[in-house]
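Listed in order, the protein sequences are those of chains A and B. Residue numbers for the first sequence follow the numbering used here, beginning at -5 and rising by one. Residue numbers for the second sequence follow the numbering used here, beginning at 6 and rising by one. All C-beta atoms in this analysis are idealised placements derived from N, C-alpha and C, irrespective of residue type, glycine included.
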Amino acid sequence: MSESLLIYILSSKGKVNIDQYNKIFSMTCLASESEDDDLDSYTLNQISRLLEALGFCEFDFDKRILYMCQPFLVLLPTFGLPNAVLVGARTPNLIKNLKIAVSKRRETAQLIEIEQARQNKNIPALVKIEAIDTKTISEIANECNIKHDLDQPVAWSLVNLSSSILELQQSLKFEKMPELNWSGKRIFSIKKLSFSDHDDNNSTNLFKLLEYKNPVNQQKHYWLWNGDQAAQVTLDWGRYLLLKYNNANVLLYDEKLSKMAVPFFVPLPNILAKSAALCSGLAPIQGKVDSNTIEKVQVNNLINIYSDIPKPIVDKIAEKLGQELILISLKNNIAKCKQ
Amino acid sequence: MNYIEWNNVIAKHFFNNNMARKEVLLYVNEAIIDSLGKPFGDDINIFLEAVKCGPPWVTRTGFCQKAHQSYSNWRSRSLQYPPYIAYLACFVLAATQEGDWAPHAYYPRFRKLLDESEPQGILPSIDLMDQLWEDLEKWCNEDKKEELGRFVKRIRGNWCNVGLPLSQTIISNEERKNLNIIFEEAKLDPTDAPPPEVIPRILQKFGQNVLEKRTFKLLSGTEEIDKVLKTALLSVILEELEQWDGSIHLQSNVQEAAKPSITKVWLRLCLKIDDNNFVTSSFRFKTNVLFPEEGLCFELSGDKHVWSCEEDHEGWSKKLKDVSGEQQIIFDASKIDWKNGVVFCDQNNQWEARLKGETTKLFFSGSNDSLYDWIETHHLERGLEFRVCCYGEDIQKVKIWGESNCSKFTQKEVTGLPKGWVLFYGENAKCSCPDIDVLCLSSLLRLKLKGIKVDNPNIYLKIAPPEIVVENGSGDEKVIMNEIELNQRNRDRPVWRIPKDAPINQKIRIEVVDGDLQDSKTLELIDPDLASSFDLVPHRDNFGEIVKKEIESPKVSGVIIYSKKDTEVYPLTLPTHLSERIIFIGAKPGEIIDWPNELLSNNWSPIWALARTMKKVWVVHYCGNPKQIQDHFNPSLPCKDHSAKKKWKKAVWVNRKITKEPNLTRLRLMWAKYKEVAHHV
Chain A
-5 MSESLLIYIL SSKGKVNIDQ YNKIFSMTCL ASESEDDDLD SYTLNQISRL
45 LEALGFCEFD FDKRILYMCQ PFLVLLPTFG LPNAVLVGAR TPNLIKNLKI
95 AVSKRRETAQ LIEIEQARQN KNIPALVKIE AIDTKTISEI ANECNIKHDL
145 DQPVAWSLVN LSSSILELQQ SLKFEKMPEL NWSGKRIFSI KKLSFSDHDD
195 NNSTNLFKLL EYKNPVNQQK HYWLWNGDQA AQVTLDWGRY LLLKYNNANV
245 LLYDEKLSKM AVPFFVPLPN ILAKSAALCS GLAPIQGKVD SNTIEKVQVN
295 NLINIYSDIP KPIVDKIAEK LGQELILISL KNNIAKCKQ
Chain B
6 MNYIEWNNVI AKHFFNNNMA RKEVLLYVNE AIIDSLGKPF GDDINIFLEA
56 VKCGPPWVTR TGFCQKAHQS YSNWRSRSLQ YPPYIAYLAC FVLAATQEGD
106 WAPHAYYPRF RKLLDESEPQ GILPSIDLMD QLWEDLEKWC NEDKKEELGR
156 FVKRIRGNWC NVGLPLSQTI ISNEERKNLN IIFEEAKLDP TDAPPPEVIP
206 RILQKFGQNV LEKRTFKLLS GTEEIDKVLK TALLSVILEE LEQWDGSIHL
256 QSNVQEAAKP SITKVWLRLC LKIDDNNFVT SSFRFKTNVL FPEEGLCFEL
306 SGDKHVWSCE EDHEGWSKKL KDVSGEQQII FDASKIDWKN GVVFCDQNNQ
356 WEARLKGETT KLFFSGSNDS LYDWIETHHL ERGLEFRVCC YGEDIQKVKI
406 WGESNCSKFT QKEVTGLPKG WVLFYGENAK CSCPDIDVLC LSSLLRLKLK
456 GIKVDNPNIY LKIAPPEIVV ENGSGDEKVI MNEIELNQRN RDRPVWRIPK
506 DAPINQKIRI EVVDGDLQDS KTLELIDPDL ASSFDLVPHR DNFGEIVKKE
556 IESPKVSGVI IYSKKDTEVY PLTLPTHLSE RIIFIGAKPG EIIDWPNELL
606 SNNWSPIWAL ARTMKKVWVV HYCGNPKQIQ DHFNPSLPCK DHSAKKKWKK
656 AVWVNRKITK EPNLTRLRLM WAKYKEVAHH V
């Protein structure tokens, strides 16, 4: 119950401003866990991103509002029996009603609840229905007044819907312009795969991604520079475009385990993150590269590991991002963090 | 304005969303009436004429009779506010009239105000006005659930009728709004209010430009008749302090210049005492203000480090630390002069964190706030274990006090404290230590509800009921919920929990009683229900950006896709991720692949995947398609390869006791057919 408390409260409110969300988050999810005061400083940001990727809610940071999404059942890209995961808002009563509806069809359907990994304990457990066919799932959904889309695995539909780095490249207009003189400027380091105050990129690199903070409203802006020409980009896509221009591959895939690892500070753009998370319905777990540098992903770099990513979907994700997958054994190269 | 218009203007002025959960005092004087009437070209004289007439439906002649008639059955009239508020305001207005009357002379003031020439003595039917005050309390606290403020009916002194309006004059709205100036000057921490007993001294010292003579008189009053109102005044002031965000909002007639908008927070010393009696001290703070998203970076004059911190939980910061190096350094608070205090500044975010300079520092265990260490506090509480650090003359004073007024009190030899400071361990203080404010033991019993409210101030979710926190209890206090005493789960913490079987959708009254003292609150628990609409969820374009204008397609909202384009059909893949070794079984005995040792076949499709777990158990997963289940897909004629048939039999039949079958009945029946065939292969 406690891990779902945040979502139950938000579900009853429908929408809350970010300040209220932060307060509710603080009261339901935060509490000093250890004497060493070592709570992950990215907890709030990370959990917010994960909640969005798993289809619970949408954050509109311009309006500073969190919107809960309506309860919805979508297909996972599983083999064999269809599995539909519950996304969006929920209450204890809604879960109870689902259980009742499933128990009436004990021969043909079952409700499966899977706890998230310990490091993701503030994210509600995965609730999915496995049935002998989609018709049975549809009947259950209708009985509980839950809308559903069971035609295609949602992860597949999302990855196909997403734009690509090629489309971004074609839409960007580089223009000659003087550099902004705002203080607090940071540059994306391809070496560290994160923003840094100092430029440690190879001087031969033509393209640079810079972050500027508006001194008045503190809003951040991102510009991709090509010599003395620049184009404004969004953060998530801008990072991957820079990596593409520098032939830097960062997406790791373990074909045997069907797991994909994405550097923590180069997260997937919104729709692709949703696609990856909704391959399993489970939040990615955090790990660390613990032996050798893997192409551009250095030792000790934090990574998010997504489970159950089928090859067709990971190929599409990589294609959309202009990445070539790095095929490795995650088991031998990655240490899990704070499980 | 006519009576009802005046009534609504006055009601809206006092009862509004800004006052949600705060106590409303119907403090009305001539200036307020004039200012409320001004936008309509009216003044106090028009107001008095209007109240003499009353609302259209009153027919009686006397003032109190008219007021009572306005109240009778008012809820059936579909009005926005109770129609008697203007009458009650008029009673309070009379109490605030200046003139040559004895301080307690209420009726002459009233008659002068209404220009009545009736004989001396009480007003006819004034005893009926008690019903109006009581109804106002009910409307405010129950009907409106404190959304527009909280109203408390009190009686000043022993005057049962006139004591009611007099009780509304304890502090004006104007004074209330300017209390933040006093809080700022007195360096009060809104998250750690001083004991109420110290407040009058603070107000006397710092309130000269803010408070009216009437308020000072009440504060310094020693008469028993003023006790109720003095306590009420202190409660209002503490309530204002606790909701103060640390900034200064200067109101109207106070002459002092406004200070720049800097967010001020008060540092709390945190002590960690190890088994070798070494004390490590650090800083954190608590605030009512939201933390900047990227955290804070404080600098200290003459210090090269940048001390960063962010929110830990519930307004508490993490410890101040320098994280720029390879190893983070927690700020060593023993290097600071605790007597004079210190100021850290974050210029970027305009935050200031200050340590209040004092020669006695009191600490309670942080466990109440889910914190480790001993955390500095500014008020002593009964029944608790504490630590106290003293310097200079305070050492002797505290020692003498502690040894005779606490159930346990010892000086502890420790290292790690700033030079000249001494540490005492104490438990269960019985009375205050004279002259040392932080060691003042309060007698004001307070009950607080700590939890997440649902839109309405007094409504909580049943799945997340609030904690009941009692301040200043003697240790023998009783907490009662709807007349049933609650059990305190942990005697070390003055915290009670609402039982799991507490009723929902009805008023719950929580009361704390400690000897003659008592405090109470009401709340309601509800089951969480889904929000009524999810229509406002934004749409994203195919780059994932929120669309500002309506676009056709493709777009996505949450994970709901709006696209006219058909997606190619998802190419199903075999579940090779299930295990490091999987045996795929086909419909014909002999169709078997031991993956990854053998390659997957293109000639036939597996129906089952037997995945081996760490415990050497095989788990059966169905990997055919749903249609095959509907067709009751049975094993067909075997292949000719004997070795393959043998392997097939072993996987399906021989290993059956170390195989976990599917959960779904339909699948189990299908698997049973495979076992039966395998048995006879």
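*Per DSSP, K458 (chain B) forms a beta bridge with which residues?*
Mapped onto the second sequence, residue 458 (chain B) falls at position 453. B:Y465, per the DSSP bridge assignment.
*Could you tell me whether any Cβ in chain B is nearer than 7 Å to the Cβ of T85 (chain A)?*
Here residue 85 (chain A) refers to the residue found at position 91 of the first sequence. Flagged as an interface residue toward chain B: T85 (chain A), by a C-beta distance shorter than 7 Å.
*From A:M21, A:L166, A:L236, A:G178, pick the residue whose C-alpha is nearest to that of E316 (chain B); which is it?*
Here residue 316 (chain B) refers to the residue found at position 311 of the second sequence. Residue A:M21 is the option with its Cα nearest to E316 (chain B).
_On the CB-based measure, 16 or more other CB atoms within 10 Å of its CB, does L321 (chain A) come out buried or exposed?_
Within the first sequence, numbered from 1, the residue matching residue 321 (chain A) stands at position 327. Exposed, by the Cβ-count rule.
*Under the three-state reduction of DSSP, which class applies to D47 (chain B): helix, strand or coil?*
Your numbering for residue 47 (chain B) matches position 42 in the second sequence. In the displayed model, D47 (chain B) falls within coil according to three-state DSSP, outside both helix and strand.
*Considering only the beta carbon of each residue, do I597 (chain B) and I587 (chain B) sit closer than 7 Å?*
Taking the second sequence and counting its residues from 1, the one referred to as residue 597 (chain B) is at position 592. Taking the second sequence and counting its residues from 1, the one referred to as residue 587 (chain B) is at position 582. Against a cut-off of 7 Å, the Cβ pair of I587 (chain B) and I597 (chain B) comes out as no contact.
*Secondary structure of H318 (chain B), DSSP reduced to three states*: Position 313 of the second sequence, counting from 1, holds the residue named residue 318 (chain B). Under the three-state reduction of DSSP, H318 (chain B) is assigned to strand.
*In chain B, which residues lie less than 9 Å from T228 (chain A) when you measure between Cβ atoms?*
Numbered from its first residue, the first sequence carries residue 228 (chain A) at position 234. By Cβ distance, chain B contributes F548, G549, E550.
_Within 7 Å, strictly: CB atoms of D143 (chain A) and V244 (chain A)_ = The sequence position of residue 143 (chain A) within the first sequence is 149, counting from 1. The sequence position of residue 244 (chain A) within the first sequence is 250, counting from 1. In this structure, D143 (chain A) sits away from V244 (chain A), with a CB-CB distance that is not shorter than 7 Å.
*alpha helix (DSSP H) segment containing M619 (chain B), residue limits*: Here the question's residue 619 (chain B) lines up with position 614 in the second sequence. Looking at the DSSP string, M619 (chain B) is not in any alpha helix (DSSP H), and its letter there is neither H nor E.
*Does any C-beta atom of chain A lie closer than 7 Å to the C-beta of V542 (chain B)?*
Locating residue 542 (chain B) in the second sequence gives position 537, where the first residue counts as 1. So, interface residue.
*Thinking Y679 (chain B) and V657 (chain B) are a contact (beta carbons under 8 Å), I'd like their distance in whole angstroms, please.*
Taking the first residue of the second sequence as 1, we reach residue 679 (chain B) at position 674. Taking the first residue of the second sequence as 1, we reach residue 657 (chain B) at position 652. About 5 Å separates the two Cβ atoms, so the contact holds.
_Secondary structure of K1 (chain B), DSSP reduced to three states_ = With chain B covering 6 to 686 only, the question about residue 1 (chain B) has no answer from this structure.
*Do the segment 303 to 311 of chain A and the segment 29 to 40 of chain B make contact, defined as three or more Cβ pairs closer than 8 Å?*
No, because fewer than three Cβ pairs between the segment 303 to 311 of chain A and the segment 29 to 40 of chain B fall closer than 8 Å, the two stretches do not touch.
_the segment 405 to 415 of chain B touching the segment 378 to 387 of chain B, judged by at least three CB pairs closer than 8 Å_ = In short, these stretches do not touch, since the Cβ pair count stays below three.
_Ordered list of alpha helix (DSSP H) runs contained in the segment 155 to 235 of chain B, each at least 4 residues_ = You should have 168 to 171, 178 to 182, 184 to 190, 204 to 211, 218 to 225.
*asked:* If I follow the unbroken alpha helix (DSSP H) through A592 (chain B), where does it start and stop?
replied: On the second sequence, residue 592 (chain B) is found 587 positions in, with the first residue counted as 1. Bounds of any alpha helix (DSSP H) do not take in A592 (chain B), whose DSSP letter is neither H nor E.
_Closer than 7 Å at the beta carbon, the chain A residues around C69 (chain B)_ = Counting from one through the second sequence, the residue named residue 69 (chain B) turns up at place 64. Under the 7 Å cutoff, chain A gives no residues; its nearest Cβ is about 46 Å from C69 (chain B).
*asked:* Please list, in chain order, the residues of the segment 637 to 669 of chain B that have any C-beta partner in chain A closer than 7 Å.
replied: Cβ contacts with chain A come from N668, L669.
*State buried or exposed for G221 (chain A), treating a residue as buried only when at least 16 other CB atoms are found within 10 Å of its CB.*
Position 227 of the first sequence, counted from the first residue, corresponds to residue 221 (chain A). Exposed, since its Cβ has fewer than 16 Cβ neighbours within 10 Å.
*Interface residues of chain B facing T102 (chain A) [CB-CB closer than 7 Å]*: Taking the first sequence and counting its residues from 1, the one referred to as residue 102 (chain A) is at position 108. In chain order: L669, R671.
*Closest by CA to S(-2) (chain A), which one among A:L70, A:V81, A:V291?*
What you label residue -2 (chain A) is simply residue 4 of the first sequence in a count that begins at 1. Among A:L70, A:V81, A:V291, the Cα nearest to that of S(-2) (chain A) belongs to A:V81.
_The alpha helix (DSSP H) enclosing R715 (chain B), as first and last residue numbers_ = Only positions 6 to 686 of chain B appear in this structure, which leaves residue 715 (chain B) out of reach.
*Thinking C-beta only, is F368 (chain B) closer than 7 Å to Q64 (chain A)?*
Locating residue 64 (chain A) in the first sequence gives position 70, where the first residue counts as 1. Locating residue 368 (chain B) in the second sequence gives position 363, where the first residue counts as 1. One thing to note: Q64 (chain A) has its Cβ no nearer than 7 Å to the Cβ of F368 (chain B).
*Whose CA, out of A:V148, A:I18, A:C23, lies closest to the CA of I565 (chain B)?*
Numbered from its first residue, the second sequence carries residue 565 (chain B) at position 560. Residue A:V148 is the option with its Cα nearest to I565 (chain B).
*Between which two residues does the beta strand (DSSP E) carrying H215 (chain A) extend?*
Within the first sequence, residue 215 (chain A) is the residue found at index 221, counting from 1. Here the beta strand (DSSP E) through H215 (chain A) covers 214 to 220.
*Given that M171 (chain A) touches chain B, what residues does it touch there, using C-beta distances under 8 Å?*
For the purposes of this step, residue 171 (chain A) is taken as residue 177 along the first sequence, with counting starting at 1. Near M171 (chain A) there are no residues of chain B at all, since even the closest Cβ is about 22 Å away, more than 8 Å.
*Does I1 (chain A) come within less than 7 Å of chain B when only Cβ atoms are used?*
Locating residue 1 (chain A) in the first sequence gives position 7, counting from the first residue. No, its Cβ sits nowhere closer than 7 Å to a Cβ of chain B.
*Quick one, are the C-beta atoms of L245 (chain B) and L295 (chain B) less than 7 Å apart?*
If you number the second sequence from 1, residue 245 (chain B) lands on position 240. If you number the second sequence from 1, residue 295 (chain B) lands on position 290. Looking at the sequence shown, residue 245 (chain B) is not Leu but Glu. No, Cβ-Cβ distance for E245 (chain B) and L295 (chain B) is not below 7 Å.
*Would you mind telling me which residues of chain B sit closer than 7 Å to D54 (chain A), beta carbon to beta carbon, in chain order?*
Working through the first sequence from its first residue, we reach residue 54 (chain A) at position 60. For the C-beta of D54 (chain A), the chain B residues within less than 7 Å are, from N- to C-terminus, P543, I551.
*So, is the C-beta of H383 (chain B) closer than 7 Å to a C-beta in chain A?*
Here the question's residue 383 (chain B) lines up with position 378 in the second sequence. So, not an interface residue.
_Straight-line Cα distance separating V500 (chain B) from A507 (chain B)_ = In the second sequence, counting from the first residue as 1, residue 507 (chain B) sits at position 502. In the second sequence, counting from the first residue as 1, residue 500 (chain B) sits at position 495. When rounded, the distance between both Cα atoms is 17 Å.
*What is the DSSP secondary structure of A263 (chain B), counted as helix, strand or coil?*
Mapped onto the second sequence, residue 263 (chain B) falls at position 258. Model confidence at A263 (chain B) stands at a pLDDT of 44, short of 50, so the residue's coordinates are unreliable; what they give is reported in the following sentence. Reduced to three states, the DSSP call for A263 (chain B) is coil.
*For D197 (chain B), which residues of its own chain have a beta-carbon under 6 Å away from its beta-carbon, when the five flanking residues on both sides are left out?*
Along the second sequence, read from residue 1 onward, the residue named residue 197 (chain B) stands at position 192. Counting only Cβ-Cβ distances below 6 Å, and skipping sequence neighbours, we find T382, H383.
*So what does DSSP say about G431 (chain B), is it helix, strand or coil?*
As a first step, residue 431 (chain B) must be located in the second sequence, where it is residue number 426. Secondary structure at G431 (chain B): strand, using DSSP grouped into helix, strand and coil.
*asked:* Run through chain B and tell me which residues come within less than 7 Å of Q146 (chain A), C-beta to C-beta.
replied: Against the first sequence, residue 146 (chain A) aligns to sequence position 152. Within chain B, the C-beta atoms nearer than 7 Å to that of Q146 (chain A) come from T572, Y575, in chain order.
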